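Numbering-wise (our numbering), the sequence shown opens with residue 143 and increments by one. Cβ atoms here follow ideal geometry from the backbone N, Cα and C, with glycine treated the same way. Please read all numbers here as calculations on a predicted model, not as lab measurements. Notes for the one structure printed next.
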Amino acid sequence: MRSRRLAGAGLLALLCLVACQGKAPVIPILPMSVPDGVLRVGVASLPASTDPALTPAYDSGIARTAFEALLKPKPDLSDVQPAAAASYEVSAGGLTYTFHLRPAGRWSDGAAVKAQEFVGAWKRILDPRVNSPVAELFAQRLKNAAAYETLDPKKDAERIPAFLDGLGLKAADDRTFVVQLAGPAPDFKWIASVPAGAPARGDAPPAGSGPGPGNGPFRLDSLTKDRAVLLPNDHYWAGRPHLARVELSLQGEAAADLARFKQQQEELTSTSGAGAVAVSADGGLSRNLTRMPRLEELWAQFNVHKPPFDNPKVRLAFAQAIDRDALVRDLEGGAALPALGPVPKGLRDYRPELAAQRFDAAGARNTLVVRDLPADRALATFLVGQLKDHLGVQLVLDPQPSPNVTKLLASGSFQVQAPGGWLGDFPDERDWLDLFQTLNFSGQWSRYSSAGYDRLVQQADTQPELTRRLQLYAQAQQLLAQDAPVAFLYQPEAWNLRQPYVLGVTYTPLDDWPGDVYAGDISIAAH
């Protein structure tokens with residue numbers, strides 16, 4: 143299974159019984175914009191690699207800006223739209239996708255973007271020696287790709303070239319890229335939009351060796367541990383971007399970040415937690431604020447094979463003991479949405495009306511062991527208070543070193559862990575509901591298994607008719623919330639701050655840094 147970052151810090155909580163939001167807001171470009179503006183952005187993190195194939199969803203801002211995939215999400219995530227591909231068609235049975243590349247598509251050095259470069263890029267994602275964090279997305283859908291899960295990069299080195307050559311990928315000509323699927327996958331259009339699916343040049347510098355050519359609206363000029371600089375791609379098919387330069391700087395403490403923004407040392411930034419509290423209390427800052435839910439959820443997950451959490455009624459009682467409104471208010475400074483189900487706000491099948499895990503106290507007694515990290519301790523302390531107040535449970539915190547956490551999760555030597563969670567790869571329900579299928583441990587460790595749930599999700603995953611597909615997913619959500627292998631907690635929000643002279647910003651729930659999905663539209667007005 144692919145290795146994925148848990149949304150949130152990820153503390154381990156071992157419990158033992160003891161006796162005692164809608165459409166993306168758009169700020170339109172106005173005629174007053176100037177051509178040589180510099181955009182300075184505060185960011186929460188910078189990637190270890192600028193190689194799209196090695197970039198996970200949570201660090202994809204630079205990859206998405208410097209490289210362009212075949213398709214691109216619409217701002218409201220309702221569908222995809224053309225990007226590097228001008229158009230595409232799907233065969234009658236849904237098994238063949240044919241993408242027609244833009245005639246004007248160019249790399250930042252002026253070379254034409256070719257279909258063969260998409261073939262090479264997608265083969266590279268599925269090369270076990272590369273260890274791409276998104277390989278499973280492609281392996282589960284492409285024709286002849288299922289063997290990826292069984293290939294060892296060292297032991298099977300001789301078999302890998304034949305495996306890659308046998309994939310359902312073909313360049314019919316320089317501007318026609320043909321993909322064959324193993325079975326119907328109505329979510330595949332979203333796979334064609336992930337940043338990792340951008341083309342790869344055979345003569346590009348290897349990952350980590352420095353900036354190389356890209357086909358996105360900007361090109362990477364430099365990257366250090368705390369700063370990245372992007373310059374416009376003069377050959378971009380849609381025309382040169384409005385900005386002369388984008389500077390991404392690593393954020394520090396919330397107070398210092400907000401001070402830089404107030405002093406106009408940054409044009410865009412995003413905050414949460416303590417920063418959100420400060421923004422709420424500052425009328426000047428709040429006028430520059432746009433709140434955007436992220437495609438991310440945090441939860442507490444139960445080991446459903448260890449007492450007492452082998453009993454779904456006990457799991458549900460614990461889930462109902464948590465006042466999520468108080469959690470969002472007291473722990474996240476209001477910069478989050480309470481979560482009661484597995485599909486976050488921003489997707490079509492978001493269902494805030496799910497009632498199974500709504501706050502409703504019941505009883506249990508436990509001991510809590512947590513990883514010794516500040517964010518983990520804060521959430522654990524909150525949960526301690528909730529369970530004590532609402533269940534009569536006395537909990538004792540026992541911090542554990544971080545290296546123990548993964549071992550205990552992988553071995554199943556735990557009863558409940560929090561916060562676990564997921565940060566979406568792409569805006570389709572399958573990315574979330576597949577997580578809870580039997581034997582899927584890539585995003586959650588509850589070891590939940592339900593034949594009924596598996597059947598509903600598998601039917602929905604291949605159902606071409608959207609209304610029926612969402613009906614099946616809705617039934618699966620209801621069953622999952624009731625079975626409670628996890629207690630859904632909250633969906634983080636990005637509290638984005640924008641200087642009034644920054645124009646053309648479109649925020650989406652997919653953003654890594656504010657507005658990055660549509661960075662080519664941003665401009666700076668005279669000020």
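Buried/exposed call for residue i, threshold 16 Cβ in 10 Å
i	result
G563	buried
T292	exposed
D307	exposed
S187	exposed
P173	The predicted position of P173 is uncertain, since its pLDDT is 47 and thus under 50; no value can be drawn from it.
G646	buried
A277	buried
S274	buried
S335	buried
R271	exposed
E607	exposed
G662	buried
S233	exposed
P656	buried
C158	Reliability of the predicted coordinates at C158 is poor, the pLDDT of 38 falling under 50, and no value is obtained from them.
S665	buried
R611	buried
A560	buried
E300	exposed
K296	exposed
N638	buried
Q223	exposed
G354	buried
A593	exposed
D88	The structure shown does not extend to residue 88, since the chain is modelled only from 143 through 669, so no value can be given for it.
K367	exposed
S229	exposed
N445	buried
A199	buried
Bridge-paired residues (DSSP) for residue i
i	result
K285	BP columns for K285 are empty, so no partner.
R361	L373
V670	Here the chain comprises residues numbered 143 to 669, so residue 670 is not present and cannot be evaluated.
D315	T318
L214	Per the sequence shown, the amino acid found at residue 214 is Lys instead of Leu. Beta-bridge pairing links K214 to Q223.
T240	E231, V320
R248	A254
A478	P634
P435	E635
K487	L489
DSSP-derived helix/strand/coil call for residue i
i	result
W637	strand
G527	helix
R610	helix
T207	helix
T197	coil
D269	coil
W441	strand
L631	strand
I666	strand
S191	coil
L306	helix
L385	strand
D658	helix
Q605	coil
Y615	helix
T292	helix
K549	helix
K367	coil
A463	coil
Integer Cβ distance of residue i from residue j, believed to fall under 8 Å
i	j	result
V183	L392	11 Å between Cβ atoms; not a contact.
T604	P326	4 Å
V255	N357	5 Å
L577	A618	That pair is no contact at about 11 Å.
A629	F460	6 Å
L323	R283	6 Å
A257	D201	Not quite, the Cβ-Cβ distance comes to about 27 Å (not below 8 Å), so this is no contact.
Q633	R436	7 Å
Y615	A602	5 Å
A226	G247	6 Å
L496	A623	5 Å
L373	K404	At roughly 28 Å, the Cβ-Cβ gap does not stay under 8 Å, so L373 and K404 are not in contact.
A190	E259	Incorrect: roughly 24 Å between the Cβ atoms, too far for contact.
R266	A340	Their Cβ separation, rounded to whole angstroms, is 11 Å, which puts R266 and A340 out of contact at 8 Å.
task = Report the residue ranges of all beta strand (DSSP E) runs contained in full by the region 551-585; include only those spanning at least 3 residues, in chain order.
result = 558-565
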